[in-house]
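K.L.:
Under this note's numbering, the first residue of the sequence shown carries the number 42, and numbering increases by one thereafter.
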Amino acid sequence: EREFCVVRRSRTNTPLQAFVLMHDPQFVEAARFLAGRIITEGGESSEERLRFGFRVVTSRPPGASE
């Protein structure tokens, strides 16, 4: 539920969360916006764009093993 802040989610055997993330218009629009930002601001190479996207999403640069 989105109305409450929960530290630990309850376990479930249904893939509903994955379906929501893939098909909910709010998540699709957010993903499109993020992809557009990575393409326009991330640099020329795929490596630069990956690093930029990682930094935008996690608020830190990627480590060597990432």
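Quick reminder that beta carbons are idealized off the backbone N, C-alpha and C, glycines included. Please read all numbers here as calculations on a predicted model, not as lab measurements.
Would you kindly check if the distance between the Cβ of Val47 and the Cβ of Arg78 is under 9 Å?
P.N.:
Going by C-beta atoms, Arg78 is not nearer than 9 Å to Val47.
K.L.:
For Phe93 and Glu82, which I take to be in contact (beta-carbon distance under 8 Å), what is that distance rounded to the nearest angstrom?
P.N.:
Phe93 to Glu82, Cβ: 7 Å. Contact.
K.L.:
Leaving aside the five residues before and after Val61 along the sequence, list all residues of the same chain whose C-beta is less than 8 Å from its C-beta, in chain order.
P.N.:
Excluding positions up to five away in sequence, the list reads Phe68.
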